[in-house]
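Taken in sequence, the protein lines are chains C and L.
Converting from the first sequence to my numbering requires adding 4 to each position, the first position being numbered 1.
Converting from the second sequence to my numbering requires adding 4 to each position, the first position being numbered 1.
Quick reminder that beta carbons are idealized off the backbone N, C-alpha and C, glycines included.
For clarity, every value in this text was computed on a predicted model and none was experimentally measured.
There are 2 protein chains.
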Amino acid sequence: MLVNEMMDKDFIVVSPDDDLIDVSILMEKKLRFTTPVVDEKKKLIGWITSLDVTRGFREGKKKVKDVMYAKEDIVHVQKDDPARLAVMEASKYKVFNIPVINDEDVVVGVVRAFDIVKTLSSLYEVKVYKIFEAMNEELKGVSWDELMEASAIVTRRRTGKRVTAQDYEKRIKNSTFGEAIWATGGLEKFFVGLIAIGELVIARKVAKARK
Amino acid sequence: MLVNEMMDKDFIVVSPDDDLIDVSILMEKKLRFTTPVVDEKKKLIGWITSLDVTRGFREGKKKVKDVMYAKEDIVHVQKDDPARLAVMEASKYKVFNIPVINDEDVVVGVVRAFDIVKTLSSLYEVKVYKIFEAMNEELKGVSWDELMEASAIVTRRRTGKRVTAQDYEKRIKNSTFGEAIWATGGLEKFFVGLIAIGELVIARKVAKARK
């Protein structure tokens, strides 16, 4: 995924000579705490936040250029950068918004922290059931019931709790990948559980074939 | 993971009767675009953003209570809520910050979108190598070299590209879970690939045992 696919395209921009009062009205109306500052060719030259505006108001400043940050002092990404880069920059620099530019430095979007949250969390919301369906399809010659039975056996062995195949099926229908990795104690452990199930189901398939 | 473990504890709070000018200075100094409004017992009663401050300044408002949102109009979470809930709220309501309260409605923290980004992205940064190490440990009687060999075979079958066990090992040492799921086309596909590898490695183990 590229930055381009995750960014807000309904962004606002302001110019260095814009009046701070007009800018504050625009930012409030569009609910933007930050906005890129651009030149007449829409190239990124700076950044302004609503905290710079409040300071400007208090200190009697009139124009965007009186309170803005220079481009050199802010984080920005390219539209064709991997989305992962914007995620890491937001996390590292603790910024809520990152301007996105193209090859000519023109601002083409803004990546917002909650857009990142949305993208990342969609992964967490994948139903565990979907992973088992994919697993079932991959393991030729293993029925869904056999898979659930093996899953229940592995769960009993690992947790010591009585779990039937029906319980297990119900559980994975209701739980998400995010819940599962938190419940099992991490990605590796979650996956190891799947491998253990896969191993058992294959061993049983082999044993059945020998009979 | 609970909200409590992901929230910012170094937050600021303001009172309804606080002077807007003082509040703006505090918000700028602590770089907070939003802040909870609390009563004398530190209970959550509202919310103020720097955009409310700019509007207040323009309109000649003096106090926090003149521009703040009421508690009913904002999103908040409990400190013992699952972190997942805060993630979903931030994503759904497109908010950068969510106040966190305890059983007595007292504000005990603020969840910030970039804290969520940090937490979520840590999962993406898990090295694929770590997953294979866990897999190798789970599959008793299968050596690391056998696992890499099976991985290379599955990759060749699926992509048609020539990949050796050495290439494969190098690749997983350098790539993260996030890159891998983007490269394979999603979580389910990534897992299916691993299951295919697990299946092959087990089949080869069984074949070897029969000899």
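Residue i versus residue j - alpha carbon distance
i, j, result
"C:S19", "C:E93", "25 Å"
"L:K47", "L:V104", "11 Å"
"L:V71", "L:R62", "11 Å"
"C:V205", "C:S126", "30 Å"
"L:E32", "C:L55", "6 Å"
"C:L89", "C:V81", "8 Å"
"L:M10", "C:K215", "54 Å"
"L:D171", "L:E150", "14 Å"
"L:D26", "C:K13", "35 Å"
"C:I135", "L:D77", "38 Å"
"C:F118", "L:V115", "12 Å"
"C:I16", "L:E137", "47 Å"
"L:V99", "C:K34", "14 Å"
"L:T39", "L:W186", "36 Å"
"L:A87", "L:E183", "24 Å"
"L:D85", "L:E108", "14 Å"
"L:K3", "C:I199", "Given that chain L is displayed from residue 5 to residue 215, the structure contains no residue 3 of chain L and the question cannot be resolved."
"C:L3", "L:S95", "In the structure as shown, chain C begins at 5 and stops at 215. Residue 3 of chain C is therefore absent and cannot be evaluated."
Buried or exposed by the 16-neighbour rule on C-beta atoms within 10 Å, applied to residue i
i, result
"L:V91", "buried"
"C:W51", "buried"
"C:K4", "A question about residue 4 of chain C goes unanswered here, because the residues of chain C that appear run from 5 up to 215."
"L:S147", "exposed"
"L:L191", "buried"
"L:T97", "One point to set straight first is that residue 97 of chain L is Tyr, not Thr, in the sequence displayed. Classification of L:Y97: exposed, given that the 10 Å Cβ count is below 16."
"L:R36", "buried"
"L:E203", "buried"
"L:M5", "exposed"
"C:G164", "exposed"
"C:E153", "buried"
"L:T58", "buried"
"L:T168", "exposed"
"L:N101", "buried"
Contacts of residue i in chain C (Cβ-Cβ under 7 Å)
i, result
"L:F15", "By Cβ distance, chain C contributes nothing, its closest Cβ being about 14 Å from L:F15, past 7 Å."
Amino acids of chain L, ordered along the chain, whose beta-carbon sits closer than 7 Å to that of residue i
i, result
"C:A117", "F100, A117, F118 and V121"
"C:G182", "R88"
"C:I199", "M139, E142, L143 and G202"
Interface partners of residue i on chain C, CB under 8 Å
i, result
"L:T58", "S28, M31, E32, S54, V57, T58 and F61"
"L:I25", "R62"
"L:G113", "Simply none; closest approach about 16 Å."
"L:L35", "L55"
Partner residues on chain L for residue i, Cβ-Cβ distance less than 9 Å
i, result
"C:S125", "R88, V91, M92, A94, S95, I120 and L124"
"C:I206", "G202, E203, I206, A207 and V210"
"C:V104", "The premise fails here: C:V104 is roughly 16 Å from chain L at the closest Cβ pair, so nothing lies under 9 Å."
"C:W186", "M5, P86, A87 and R88"
"C:V130", "G190, L191 and E192"
Residues that residue i contacts on chain L, provided the C-beta gap is smaller than 8 Å
i, result
"C:V196", "A138, M139, E141 and E142"
Chain C residues whose Cβ lies nearer than 9 Å to that of residue i
i, result
"L:I135", "L191, E192, F195 and V196"
8 Å contact criterion, which residue i and residue j should meet: CB distance rounded
i, j, result
"L:T180", "L:V130", "6 Å"
"L:R166", "L:R160", "7 Å"
"L:K45", "L:V110", "7 Å"
"L:K75", "L:V112", "In fact, because the Cβ distance is near 15 Å, the residues do not count as touching under 8 Å."
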